[in-house]
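The opening residue of the sequence shown carries number 10 in my numbering; numbering runs sequentially from there. For each residue, glycine too, the CB sits at the ideal point set by N, CA and C. Worksheet: one structure, shown below.
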Amino acid sequence: PWFEESRLMMISALRYDPGQLRFVQELIQTLIYRDPDNYLLWLEKGLTEHANGHERKAQIALQKAIDLGFENGRAYYFLAITQANQNMVEDAEASFYRSISLSPFNAYTHNYFGYWLIEQNRNLDEAKVLIQKAINRQPNNGAFVDSLGWVYFKLGDLDKALLFMERAATLIPDDPVITDHLGDVYWALGRKDEA
């Protein structure tokens, strides 16, 4: 009776190990063959494919999990990411909104969606609101603080950008993205040596 559950735990534990990818994929396919309408199996397939950079396969599996009844914010969050990574802008945006509507308190969805909007250089005011909601939930999350600093940088408010970027660098001092962003803010402020 515990066969499927134990295999799901193995999949979850091994999905990030490139040396185990083929084994994990075969295990998932075996489970899906035995129980093709189990949305948890399709979710695990989607998460595994996403973790290994197979975004199209991940998207198909995640959509299948949703179609089979796994209608929750987590599924839509990962679906949105796979769509964003494939430059499916409208689909990704719809999936992010659906994720937020189903899981309105998930700070990671708010931050990821906001940061994605920044990287696309659009809807920056909305991005700021989304990221602020994430920070309201997790004020000491350095990645979220970095995102807020980055949106202020993109909006041209360098003083606020500096405030948040320096805080982010304090929270996660060895993160290369945060360090890069902080350097960009220093450079824009004319503080070339610090940059």
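inquiry  = I want to see whether chain C comes within less than 8 Å of GLU99, judged by CB atoms only; does it?
reply    = Absent here is chain C; the protein component of the structure consists of one chain.
query = Is the Cβ-Cβ distance between ILE109 and THR118 less than 8 Å?
reply = To locate residue 109, count along the sequence shown from 1; it is residue 100. To locate residue 118, count along the sequence shown from 1; it is residue 109. Yes.
task = Tell me, to the nearest whole angstrom, how far the beta carbon of GLN95 is from that of ARG131; I am working on the premise that it is less than 8 Å.
result = To locate residue 95, count along the sequence shown from 1; it is residue 86. To locate residue 131, count along the sequence shown from 1; it is residue 122. About 18 Å; that fails the 8 Å criterion.
ask   = Taking just the CA atoms, how far does ALA60 sit from MET19?
value = As a position in the sequence shown, residue 19 is number 10, starting the count at 1. As a position in the sequence shown, residue 60 is number 51, starting the count at 1. For MET19 and ALA60, the distance between alpha carbons rounds to 15 Å.
task = Would you list, in sequence order, the uninterrupted alpha helix (DSSP H) runs of no fewer than 4 residues that lie entirely inside the region 16-55?
result = 30-43
inquiry  = Does GLN68 pass the burial test, meaning 16 or more other C-beta atoms within 10 Å, or should it be called exposed?
reply    = The count along the sequence shown starts at 1 and reaches residue 68 at position 59. Buried.
ask   = ASN149: buried (16+ other C-beta within 10 angstroms of its C-beta) or exposed?
value = If you number the sequence shown from 1, residue 149 lands on position 140. Burial call: exposed.
query = What distance in whole Å lies between the Cβ atoms of GLY123 and ALA136, which are believed to be in contact at a cut-off of 8 Å?
reply = If you number the sequence shown from 1, residue 136 lands on position 127. If you number the sequence shown from 1, residue 123 lands on position 114. Correct: roughly 4 Å between the Cβ atoms.
task = Inspect the beta-carbon positions of LYS163 and LEU198 and report whether they are closer than 8 Å.
result = As a working mapping, residue 163 is identified with position 154 in the sequence shown. As a working mapping, residue 198 is identified with position 189 in the sequence shown. No.
message = So, at 6 Å on beta carbons, what are the nonlocal neighbours of ALA204 in its own chain, with the 5 sequence-adjacent residues on each side left out?
response = Numbered from its first residue, the sequence shown carries residue 204 at position 195. Excluding residues within five positions, the ones whose Cβ falls inside 6 Å are GLY192, TYR195 and TRP196.
task = Compare the C-alpha of LEU77 against each of THR179, TYR48 and ARG83 and name the closest.
result = Along the sequence shown, read from residue 1 onward, the residue named residue 77 stands at position 68. Each of THR179, TYR48 and ARG83 was checked against the Cα of LEU77, and the nearest Cα belongs to TYR48.
inquiry  = Here's the rule: buried if 16 or more other CB atoms are within 10 angstroms of the residue's CB, otherwise exposed. What is ARG31?
reply    = Position 22 of the sequence shown, counted from the first residue, corresponds to residue 31. When all chains shown are included, ARG31 counts as exposed.
key: Neighbourhood of GLN29 by C-beta, 8 Å cutoff - its chain only, sequence neighbours within 5 removed   = Sequence index remark: in the sequence shown, residue 29 carries index 20 (1-based). The beta carbon of GLN29 lies closer than 8 Å to those of LEU23 in the same chain, with the five residues before and after it left out.
ask   = Less than 8 Å separating the beta-carbons of PHE105 and ALA84?
value = For this step, residue 105 is matched to residue 96 along the sequence shown. For this step, residue 84 is matched to residue 75 along the sequence shown. It is not a contact, given that the beta carbons lie outside the stated cut-off.
query = Grouping DSSP H, G and I as helix and E and B as strand, with all else coil, what is ILE127?
reply = Residue numbering aside, residue 127 sits at position 118 when the sequence shown is read from its first letter. In this structure, ILE127 counts as helix in the three-state DSSP scheme.
ask   = Helix or strand or just coil, what does DSSP make of ASP100?
value = For this step, residue 100 is matched to residue 91 along the sequence shown. Here ASP100 sits in helix by DSSP.
key: Top-ranked residue by Cα proximity to ALA218, from TYR25, LEU157, SER21 and ALA93   = It is not possible to answer for residue 218, since the shown part of the chain is limited to 10 through 204.
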